[in-house]
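Each remark here refers to the structure printed beneath this line.
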Amino acid sequence: MADITAEDLRAAVAAGQLTEAQAAGLKTLAETRAGMRQAEDEPFELFRGFSEIFVTVGLGILLTGAFGLAIATSIPVVMGVAIVALYFLARYFTLTRRMMLPSILLVTAFGTAVLMVAADLLSVEWYQESTIAGYSYSRFDPVFDVVHAVAIAAITAAALGLWFRTFRVPFTMFLIGLTGFGLVIALTMSAGYDGDNPFNLIEGSAMAWGTLVLGLAALAGGIWFDMRDPHRLGRLSSSGFWLHLVAAPALVNTIAQTFLVMGPGLGYGLMALALVLVTLLAVVLDRRSFLTAGIGYLIFLLIYLTDRSGEGKSWIFVLLGTGLLLTLLGSFWIEARGRIMRALPDFPGKDRLPPYKNTTEVPA
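Residue numbers (my numbering): 378 to 741.
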């Protein structure tokens, strides 16, 4: 009889034959009998075969035509019909066929459609007439007030939440996070800002505090999902993955832009300390995605700032140093996480985090 692997359990959960709790219990029982708990990689999968890509291409062409028709007619009812069609398409491709990539496209199209319907119902003007050299054309320049923007973001987020409740597509969490960012922008637009950097906490920018709260909320949501699927066998863990991709750039952006503007010395020292804490958090949570998203955005930010400051090719050393550190950490991630987790005292939720390598365990 062939051994059942973690991939088999994930497939059983995806097929609806086991719940996440049942699969986790079975996996824990097997590891207990074997005398060890395995420290695993962070599973990530966008599609399961080229058939999903083929279907997604077809759906993309179909939806492009449908959206084009809705925009050309400027009738909200047409987009409403498209939303209904998206629902039935999702029932087939998500619930029946359990295809990942088509499900991602469908929920993205659904969120876009809801946003457009909400904007049309609130009489948002998407295009403005402009003239260049005597020729008139329509320029994409949405005009709306803060109240309308907040309403649109709230309606879209609520609709995406309902979609997630119905279809359990993990990518929905990423879209909800983006909608939350739009909501933050809308809420902070009315506050106004006349400083040099809207993401600088020291200047008291509403945008900076808003993105910080958004990042912390997304991080909390990601941890909530992670703790309910520590063995990463089902969609709860995948939902947490997408929330971590929202949390990391939001937090790193605000923290980095606050500390880096302080200049050499205190600012750079605080930035280095913040990076150490972010790395430690990522290792404890066993989320390479969190660290990758945060570091990736930080590299972009550092290159942008050094380029503006006229420091020449200093971005090369940023890439060399960051690349070396990430390569070393990635190569010894499991060993490093095991040491860190064993060194940390017990804290609430520690036993609900992903398993870590224990040198006292003897493989069967």
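All residues carry an ideal CB built from backbone N, CA and C; glycine is no exception.
These numbers come from a predicted model, not from an experiment.
Within a Cβ cutoff of 8 Å, which residues of the same chain sit near residue i, ignoring the five residues on either side of it in sequence?
| i | result |
| --- | --- |
| Val527 | Leu560, Ala563, Leu564 |
| Gly442 | none |
| Thr409 | With a pLDDT of 47 at Thr409, under the threshold of 50, the predicted position of this residue should be treated as unreliable, though the coordinate-derived value follows. Once the five neighbours on either side are set aside, Thr409 has no close Cβ partner at all. |
| Leu707 | Per the sequence shown, the amino acid found at residue 707 is Gly instead of Leu. Excluding sequence neighbours, Gly707 sits near Arg665. |
| Leu620 | Met550, Phe551, Gly554, Ala595, Leu596, Gly598, Gly599, Phe602 |
| Phe558 | Thr588, Leu591, Val623, Ala627 |
| Thr326 | Because the chain spans 378 through 741 in this model, residue 326 falls outside it and cannot be assessed. |
Apart from the five residues on each side of it in sequence, which residues of its chain come closer than 7 Å, Cβ to Cβ, to residue i?
| i | result |
| --- | --- |
| Thr699 | Ile672, Ile676 |
| Met477 | Glu422, Leu423, Phe424, Arg425, Glu429 |
| Phe487 | Ile460, Leu463, Trp540 |
| Leu613 | Glu397, Phe602, Arg605, Asp606 |
| Thr656 | Leu668 |
| Asp728 | none |
| Leu626 | Note on identity: in this sequence residue 626 is Pro, with Leu being the wrong assignment. Result list for Pro626: Ala670, Gly671, Tyr674, in chain order. |
| Ala530 | Thr556, Gly559, Leu560, Ala563 |
| Thr485 | Leu552 |
| Gly646 | none |
| Gly437 | Leu482 |
Measuring alpha carbon to alpha carbon, tell me which residue in the options is nearest residue i.
| i | options | result |
| --- | --- | --- |
| Leu755 | Tyr469, Leu628, Ile452 | Residue 755 lies beyond the stretch modelled for the chain, which goes from 378 to 741, so this question has no answer here. |
| Leu552 | Leu596, Gly538, Thr543, Ala651 | Gly538 |
| Thr543 | Leu492, Tyr464, Ser582, Ala651 | Tyr464 |
| Ile579 | Phe636, Leu643, Arg475 | Phe636 |
| Phe694 | Ile680, Gly554, Ala536 | Ile680 |
| His525 | Glu506, Ser513, Tyr512, Ala495 | Ala495 |
| Phe427 | Arg468, Pro479, Val455 | Pro479 |
| Pro731 | Arg605, Leu622, Thr656 | Arg605 |
| Gly726 | Ser507, Leu472, Phe602 | Phe602 |
| Gly644 | Ala531, Arg729, Asn577, Phe470 | Asn577 |
| Gly500 | Ile452, Arg468, Gly437 | Note that residue 500 corresponds to Ser in the displayed sequence, not to Gly. The residue with the shortest Cα to Cα distance from Ser500 is Ile452. |
| Asp522 | Thr485, Met566, Thr549, Asp497 | Met566 |
| Leu440 | Thr450, Gly557, Leu466 | Leu466 |
| Leu498 | Gly554, Phe444, Ile532, Thr471 | Ile532 |
| Glu502 | Ile448, Val484, Leu482 | Ile448 |
| Gly435 | Thr704, Leu482, Asp723, Ala490 | Leu482 |
| Thr471 | Gly437, Arg545, Leu446 | Arg545 |
| Leu489 | Ala535, Leu591, Ala670 | Looking at the sequence itself, residue 489 is Thr, so the reference to Leu does not match. The candidate whose alpha carbon is nearest that of Thr489 is Ala535. |
| Leu696 | Ile717, Tyr674, Arg474, Asn574 | Tyr674 |
| Leu469 | Ile711, Leu591, Val432 | Note that residue 469 is Tyr in the sequence shown, not Leu. Nearest option by C-alpha distance: Val432. |
| Thr556 | Val454, Ala624, Ile438 | Ala624 |
| Leu593 | Ile438, Gly640, Leu622, Phe724 | Leu622 |
| Met639 | Leu702, Leu703, Leu701, Asn574 | Asn574 |
| Val491 | Thr704, Arg475, Val454 | Val454 |
| Leu654 | Ile717, Ile509, Asp723, Thr704 | Ile717 |
Counting only the same chain and skipping the five closest in sequence on each side, list residues whose C-beta sits under 6 Å from that of residue i.
| i | result |
| --- | --- |
| Ser615 | Pro547 |
| Pro420 | Arg609 |
| Gly617 | Gly599, Phe602, Asp603 |
| Met493 | Met456 |
| Thr737 | Summary for Thr737: the model assigns pLDDT 48, below 50, so the residue's position carries little reliability; its value from the coordinates is reported in the next sentence. Correct list: empty, nothing qualifies. |
Any beta carbon from chain D within less than 8 Å of residue i's own beta carbon?
| i | result |
| --- | --- |
| Ile711 | Looking for chain D here will not work: only one protein chain is present. |
Query raised in the report: Do the segment 578–586 and the segment 624–640 make contact, defined as three or more Cβ pairs closer than 8 Å?
Result: yes
Query raised in the report: Can you list, in chain order, the stretches of the beta strand (DSSP E) that have 3 or more residues and sit fully within the segment 449–515?
Result: 502–509
Report task. Check whether the segment 594–603 touches the segment 645–657, counting contact only when three or more Cβ pairs, one atom from each stretch, lie closer than 8 Å. Result -> no
Report task. Counting only runs of 4+ residues fully inside the segment 528–600, write out the alpha helix (DSSP H) ranges in chain order. Result -> 548–566
Query raised in the report: Unbroken alpha helix (DSSP H) runs of length 4 or more, entirely within the segment 651–727: which are they?
Result: 665–685, 691–708, 710–720
Query raised in the report: Counting only runs that start and end within the segment 610–642, where is the beta strand (DSSP E) found for 3 or more residues in a row?
Result: none
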